[in-house]
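In case it helps, numbering that gives the first Met the number 0 puts the sequence shown at residues 0 to 294. Glycine included, C-beta positions come from ideal geometry on N, C-alpha and C. It should be emphasised that the depicted structure is a prediction, and the values quoted were computed from it without experimental measurement.
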Amino acid sequence: MRLGVLSQPHHAALGDIMDRLRASAGEIGAELVLAADLLAVEGGDGPPLEEDPGKVDFLLTLGGDGTLLRGARLAGPLDVPVVGCNLGKLGFLTTAPLDQLEELLHRLRDGQFEEERRLALRVGLHPADGPDGRAAAEPSESFYALNDAVVHKGGFARLISMRVWVNEEEIGQYSADGIVLATATGSTAYSLSAGGPILVPSLDALVASPICPHTMSIRPVVVPADATISVEILSRMEGILVTVDGQTGGHLGGGGRVSVRRSPHPVRLIRMPDQNFFSVLRQKMRWGDVRPSAD
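Below, the structure written as structure tokens:
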């Protein structure tokens, strides 16, 4: 078994964690393929993971949800399963906590796990092109995302005027601080903070959640996953940001457009058989935490 490894290279306990990982990998006969930044810190033989990430059997992320999202963008388009060991505070998407690292590797070897194929997004940026100031038909940049794409204004708290479309049908014109376009997986992230609904990850749907809308009549909208959501920027201002999974993205000016649609490559996310979505909600987010009285 070849196991790709991705982590934050400056984690305080990384040395001890890597010693445990190497020992467990030796027990199960697994070959570790480290990401370039891990190799620079930890040393090791062989080429870095990034040279050929499609040739590992699993990608193990050591960190929190941010590290797993980074791994998903690397592994998802290559059909490599992603398994997360949580070193962070929440780890909502991860498979197991650090104290179960050794057990996790043994379960991978023995096939004692379940796999979920999570819908991913193809996010396109279409800048205004030509004398008419309309958005280009083809994107100038494209991104892959597991959670979401967020349109927002960096630097200053100013309203953005937008027109939102689903396929060829206009939903309406929004004045808001921005908008979150999320998968069901991403519905428990920024979209939830913006007032969006929680979607069960297996639901084939996308959600568009406005951020602090100017009017109370603008509410989140859930649409089928085979739809394309487009956000046309009506405000004639520069510096509007499109952030993908909170980690990458680009800029758009007035007249530009963001398009979000299903990627043909879902993320293969590994979980343990005793792990289910609502138990994770209760454990990680204290969902439904109405305790009986002491009387």
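- Task: Classify residue 40 as helix, strand or coil using the three-state DSSP reduction.
- Result: Stepping through the sequence shown from its first residue, residue 40 is reached at position 41. Three-state result, residue 40: helix.
- Query: DSSP three-state call for residue 279: helix, strand or coil?
  - Reply: Counting from one through the sequence shown, the residue named residue 279 turns up at place 280. Three-state DSSP puts residue 279 in a helix.
- Message: For residue 143 and residue 72, I'd like the C-alpha separation in whole angstroms.
- Response: Walking along the sequence shown from the start, residue 143 turns up at place 144. Walking along the sequence shown from the start, residue 72 turns up at place 73. Taking the straight line joining both Cα atoms gives about 6 Å.
- Query: First and last residue of the beta strand (DSSP E) that includes residue 208?
  - Reply: Mapped onto the sequence shown, residue 208 falls at position 209. Residues 204 to 210.
- Query: So the beta strand (DSSP E) residue 16 belongs to, where does it begin and stop?
  - Reply: Residue 16 sits at position 17 when you count from the first residue of the sequence shown. Note, residue 16: premise wrong, no beta strand (DSSP E); alpha helix (DSSP H) at 13 to 27.
- Which residue's Cα is closest to the Cα of residue 260: 147, 200, 70 and 20? In the sequence shown, residue 260 corresponds to position 261, counting from 1. From the listed residues 147, 200, 70 and 20, the smallest Cα separation to residue 260 is found for 147.
- Task: Look at residue 92 and residue 56 and say whether their C-beta atoms are less than 8 Å apart.
- Result: As a working mapping, residue 92 is identified with position 93 in the sequence shown. As a working mapping, residue 56 is identified with position 57 in the sequence shown. In this structure, residue 56 does not lie closer than 8 Å to residue 92 by Cβ.
- Query: CB residue 151 to CB residue 38, shorter than 8 Å?
  - Reply: In the sequence shown, residue 151 corresponds to position 152, counting from 1. In the sequence shown, residue 38 corresponds to position 39, counting from 1. Not closer than 8 Å, so no.
- So, residue 85 versus residue 76, is the Cβ gap smaller than 8 Å? Translated into positions along the sequence shown, residue 85 becomes position 86. Translated into positions along the sequence shown, residue 76 becomes position 77. No, they are not a contact pair.
- residue 213 - DSSP class collapsed to helix/strand/coil: Here residue 213 corresponds to residue number 214 of the sequence shown, with the count starting at 1. Correct three-state label for residue 213: coil.
- Pairwise C-alpha distance: residue 221 and residue 230: Counted from its first residue, the sequence shown places residue 230 at position 231. Counted from its first residue, the sequence shown places residue 221 at position 222. Their backbone Cα atoms lie some 15 Å apart in a straight line.
- Under 8 Å between C-beta atoms of residue 226 and residue 275: Reading the sequence shown from its first residue, position 227 is the one you call residue 226. Reading the sequence shown from its first residue, position 276 is the one you call residue 275. No, Cβ-Cβ distance for residue 226 and residue 275 is not below 8 Å.
- Item | Reduced DSSP category for residue 125 - H, G, I as helix; E, B as strand; rest coil | Taking the sequence shown and counting its residues from 1, one reaches residue 125 at position 126. Here residue 125 carries a strand assignment [DSSP, helix/strand/coil].
- Item | Unbroken beta strand (DSSP E) run spanning residue 240, endpoints | Here the question's residue 240 lines up with position 241 in the sequence shown. Here the beta strand (DSSP E) through residue 240 covers 239 to 243.
- Task: Taking residue 64 as part of the alpha helix (DSSP H), name the residues at either end of that continuous run.
- Result: Looking up residue 64 in the sequence shown gives position 65. Looking at the DSSP string, the run of the alpha helix (DSSP H) that includes residue 64 is 64 to 74.
- Would residue 58 pass as a contact of residue 70 if the rule is Cβ separation under 8 Å? Here residue 58 refers to the residue found at position 59 of the sequence shown. Here residue 70 refers to the residue found at position 71 of the sequence shown. Result yes, Cβ atoms of residue 58 and residue 70 sit closer than 8 Å.
- Item | contact_flag[the region 173 to 191, the region 199 to 213] where n(CB pairs < 8 Å) is 3 or more | yes
- Between the region 250 to 258 and the region 113 to 130, do three or more beta carbon pairs fall short of 8 Å? yes
- Exposed or buried, which one is residue 263 when buried takes at least 16 other CB atoms within 10 Å? The residue given as residue 263 occupies position 264 in the sequence shown. So residue 263 counts as exposed.
- Query: Using CA coordinates, which residue listed in 243, 160, 267 and 196 is at the minimum distance from residue 214?
  - Reply: The residue labelled residue 214 in the question sits at position 215 within the sequence shown. Nearest C-alpha to residue 214 among 243, 160, 267 and 196: 160.
- Message: Alpha carbons only, please: which of 201, 200 and 210 is nearest the one belonging to residue 194?
- Response: Numbered from its first residue, the sequence shown carries residue 194 at position 195. Comparing Cα positions, the closest option is 210.
- Message: Only counting the same chain, and skipping five residues up and downstream in sequence, which positions put a Cβ closer than 8 Å to that of residue 294?
- Response: Taking the sequence shown and counting its residues from 1, one reaches residue 294 at position 295. Confidence is the limiting factor: at residue 294 the pLDDT is only 48, short of 50, which leaves the residue's position unreliable, though a coordinate-based value still follows. Excluding positions up to five away in sequence, the list is empty.
- Query: Could you give the C-beta distance for residue 20 and residue 32, rounded to a whole number, given that I count them as a contact under 8 Å?
  - Reply: Counting from 1 along the sequence shown, the entry for residue 20 is found at position 21. Counting from 1 along the sequence shown, the entry for residue 32 is found at position 33. Not quite, the Cβ-Cβ distance comes to about 12 Å (not below 8 Å), so this is no contact.
- Would you kindly check if the distance between the Cβ of residue 269 and the Cβ of residue 296 is under 8 Å? Nothing can be reported for residue 296, as the shown portion of the chain is limited to 0 through 294.
- Message: What does the alpha-carbon distance come out to for the pair residue 117 and residue 132?
- Response: As a first step, residue 117 is located in the sequence shown; it is residue number 118 there, counting from the start. As a first step, residue 132 is located in the sequence shown; it is residue number 133 there, counting from the start. Each residue's alpha carbon lies about 36 Å from the other.
- Query: When DSSP labels each residue in this structure, what does residue 294 get in the three-state scheme?
  - Reply: Position 295 of the sequence shown holds residue 294. Residue confidence is low: residue 294 scores 48 on pLDDT, short of 50, so the model does not pin down where it sits. Its coordinate-derived value is still stated next. Coil, per DSSP.
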